[in-house]
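In the UniProt record's numbering, the protein residues as written are 1 to 490.
Cβ coordinates follow ideal geometry from the N, Cα and C atoms, glycine included.
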């Protein structure tokens, strides 16, 4: 299931796992030090554990001190077209790296000078370049020092990032880059929590939540919150049922450290969650045995169905060291899988399979306890293997999946990286058999208060620069209640 979602979660995972280091700053200088000739930007001090300083974060990708960024530069040069050549009805791969932003953007320096449109997005590319190097800089990421379990008297607001960070007790951010990186790693947990919570900013008052959505939300919130007036506490009600969150087509979401996902669970101290990562590209712990295959998972450029066609595919996140309570459950599901009971609040299961192959294993479904999320599904994009079909109708993408989800009558929430992306996905629903006319909106399309604020660059066209999870919307299978022989469509 292809989706144009560009993330590098392994860097975030490594940054979060890196222990804090105390930096030693030398203040010594000699009498004639002012005569020394400066040979370049300052480097991190030896022994500090840092690779780059805050003022040494910009490099052309091909000259980056990090091999994965050098590899990314080579991949872009294989598949990204020169925008000036496209205007001349020619497709020529980019070769020249912009001196201002460091990304391969044009086939030659001549075309780079001729392209007046490049200046419109060059600053964003420069920002993305520095952010990528900062993630690999080796510094201590204080923005990833997460708060613990909230005080029972603490009132948490979910209006936007600023209010959430303040009311939740996050450390103050010193600059915009720290803010962007924090939103990058927390966008997935808090996009879920920001929708499901009873204090959600997406409600009837701002016309984001529909009447049907209120009915479905009221149902699932009976297992998320204690009655009004009762104190919120860990496992506050013994009759709460476990809430199952299915994340379909998961990739980077499955690679995030479990501690980040627990931040979402902290919003619901009386609830109990089980998060399922399901998709052919989920990250698996090292203890799960995989069938012997070539290094397909880490290839970003693969052969397409047409002769000579090249397709860009995001690489599968690398395998991670297992949690002490992680166990292999591949025999139960029939596919490579693991499960981790992380804490009293939340557990995780990952299954490397297409969702349609495991759907029946989770039946029966209950709208009071089950909810689906699909981050940037790409419904409206053409299918790589069936160019005449959109992915919403493709048999090897979402064609067999969405009708099954609508039959459960459970809510399905989806995100997009821009208004045009969401509009494309929404319009595609009316073209798919088994989907058109079979759903109700529970959340109208619009911006997501907890979308990522970090720019991500599409390798197949650096002009396409997105913010993951910019918007969010939701649907549910149409309800038909039968009473006294009459059919009422709600």
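Quiz item: When burial is assigned at 16 or more other CB atoms within 10 Å of the CB, is residue 172 buried or exposed?
Solution: By one-based count along the chain shown, residue 172 stands at place 172. With fewer than 16 Cβ atoms within 10 Å of its Cβ, residue 172 is classed as exposed.
Quiz item: Taking the DSSP output, what are the residues bridged to residue 277?
Solution: Here residue 277 refers to the residue found at position 277 when the chain shown is read from its first residue. Bridge partners of residue 277: 247 and 350.
Quiz item: Can you tell me the Cα-Cα spacing of residue 474 and residue 448, whole angstroms?
Solution: On the chain shown, position 474 is the one that residue 474 refers to. On the chain shown, position 448 is the one that residue 448 refers to. Going by the C-alpha atoms only, they are around 12 Å apart.
Practice problem: Run the proximity test for residue 58: is its beta-carbon closer than 8 Å to any non-hydrogen atom belonging to the ligand FMN? | Solution: Annotation note on the ligand FMN: not contained in the displayed structure, which lists no ligands.
Self-check item: Whether residue 287 touches residue 338 by CB criterion (9 Å)
Solution: Counted from its first residue, the chain shown places residue 287 at position 287. Counted from its first residue, the chain shown places residue 338 at position 338. Cβ distance < 9 Å, so residue 287 and residue 338 count as in contact.
Quiz item: Between residue 401 and residue 125, is the Cβ-Cβ spacing less than 9 Å?
Solution: Walking along the chain shown from the start, residue 401 turns up at place 401. Walking along the chain shown from the start, residue 125 turns up at place 125. No, the Cβ-Cβ distance between residue 401 and residue 125 is not below 9 Å.
Self-check item: alpha helix (DSSP H) segment containing residue 192, residue limits
Solution: As a working mapping, residue 192 is identified with position 192 in the chain shown. It spans 176-196 - the alpha helix (DSSP H) in which residue 192 sits, taken as one unbroken run.
Quiz item: Which residue from 161, 316, 268 and 405 puts its Cα closest to that of residue 246?
Solution: As a position in the chain shown, residue 246 is number 246, starting the count at 1. With distances taken between Cα atoms, residue 246 lies closest to 405.
Quiz item: Is the CB-CB distance between residue 157 and residue 262 below 9 Å?
Solution: What you label residue 157 is simply residue 157 of the chain shown in a count that begins at 1. What you label residue 262 is simply residue 262 of the chain shown in a count that begins at 1. No, Cβ-Cβ distance for residue 157 and residue 262 is not below 9 Å.
Practice problem: Whole angstroms is fine: what's the gap from residue 324's alpha carbon to residue 121's? | Solution: Along the chain shown, one-based indexing puts residue 324 at 324. Along the chain shown, one-based indexing puts residue 121 at 121. For residue 324 and residue 121, the distance between alpha carbons rounds to 45 Å.
Self-check item: Chain-order list of residues whose beta-carbon lies under 6 Å from that of residue 282 (same chain, five-residue window excluded)
Solution: Mapped onto the chain shown, residue 282 falls at position 282. 250, 254, 350 and 352, listed in sequence order.
Exercise. Please say whether residue 372 and residue 248 have beta carbons closer to each other than 9 Å?
Key: Residue numbering aside, residue 248 sits at position 248 when the chain shown is read from its first letter. Residue numbering aside, residue 372 sits at position 372 when the chain shown is read from its first letter. Yes.
Quiz item: So is residue 427 buried or exposed if we call it buried at 16+ other beta carbons inside 10 Å?
Solution: The sequence position of residue 427 within the chain shown is 427, counting from 1. It is exposed - the Cβ of residue 427 has fewer than 16 other Cβ atoms within 10 Å.
Quiz prompt | Whole-angstrom distance between residue 96 and residue 109, CA atom to CA atom | solution = The residue given as residue 109 occupies position 109 in the chain shown. The residue given as residue 96 occupies position 96 in the chain shown. Whole-angstrom Cα-Cα distance: 6 Å.
Practice problem: Grab the span of the beta strand (DSSP E) containing residue 213 for me, first residue to last. | Solution: Position 213 of the chain shown, counted from the first residue, corresponds to residue 213. Premise fails: residue 213 lies in the alpha helix (DSSP H), 211-221, not in any beta strand (DSSP E).
Quiz item: With contact counted as at least three CB pairs below 8 Å, one residue from each stretch, are the stretch 439-446 and the stretch 206-225 in contact?
Solution: yes
Quiz item: For residue 244, which of 64, 363, 116 and 81 has the nearest alpha-carbon?
Solution: For the purposes of this step, residue 244 is identified with residue 244 of the chain shown, where counting begins at 1. Nearest to residue 244 by alpha-carbon distance, out of 64, 363, 116 and 81, is 363.
Quiz item: Do residue 397 and residue 383 come within 9 Å of each other at the CB atom, strictly closer than that value?
Solution: As a first step, residue 383 must be located in the chain shown, where it is residue number 383. As a first step, residue 397 must be located in the chain shown, where it is residue number 397. In contact: residue 383 and residue 397 (Cβ atoms closer than 9 Å).
Exercise. If I'm right that residue 492 touches residue 381 with Cβ under 8 Å, what's the distance once you round it to whole angstroms?
Key: Here the chain covers residues 1 to 490 and nothing more, so residue 492 does not appear.
Self-check item: Inter-residue Cα distance where the pair is residue 478 and residue 472
Solution: Residue mapping note: residue 478 aligns to position 478 of the chain shown, counting from 1. Residue mapping note: residue 472 aligns to position 472 of the chain shown, counting from 1. Going from the Cα of residue 478 to the Cα of residue 472 covers about 20 Å.
Quiz item: What's the call for residue 119, buried or exposed, on a 16-neighbour Cβ count within 10 Å?
Solution: By one-based count along the chain shown, residue 119 stands at place 119. With fewer than 16 Cβ atoms within 10 Å of its Cβ, residue 119 is classed as exposed.
Practice problem: Take the Cβ of residue 175 as the centre, count every other Cβ of all protein chains shown within 10 Å, and call the residue buried at 16 or more, exposed below. | Solution: In the chain shown, counting from the first residue as 1, residue 175 sits at position 175. The residue is exposed, with fewer than 16 neighbouring Cβ atoms inside 10 Å.
Practice problem: With a floor of 3 residues, list each beta strand (DSSP E) that falls wholly inside the stretch 55-120, ordered by position along the chain. | Solution: 104-106
Quiz item: What three-state label does DSSP hand residue 51 in the structure shown?
Solution: Position 51 of the chain shown, counted from the start, is the residue given in the question as residue 51. It is coil, neither helix nor strand.
Self-check item: Limits of the unbroken beta strand (DSSP E) element including residue 258
Solution: Residue mapping note: residue 258 aligns to position 258 of the chain shown, counting from 1. Note, residue 258: premise wrong, no beta strand (DSSP E); alpha helix (DSSP H) at 258-265.
Quiz item: Considering only residues of the same chain and omitting the five flanking positions on each side of residue 424, which have a CB-CB separation below 7 Å?
Solution: Counted from its first residue, the chain shown places residue 424 at position 424. Contacts found: 380.
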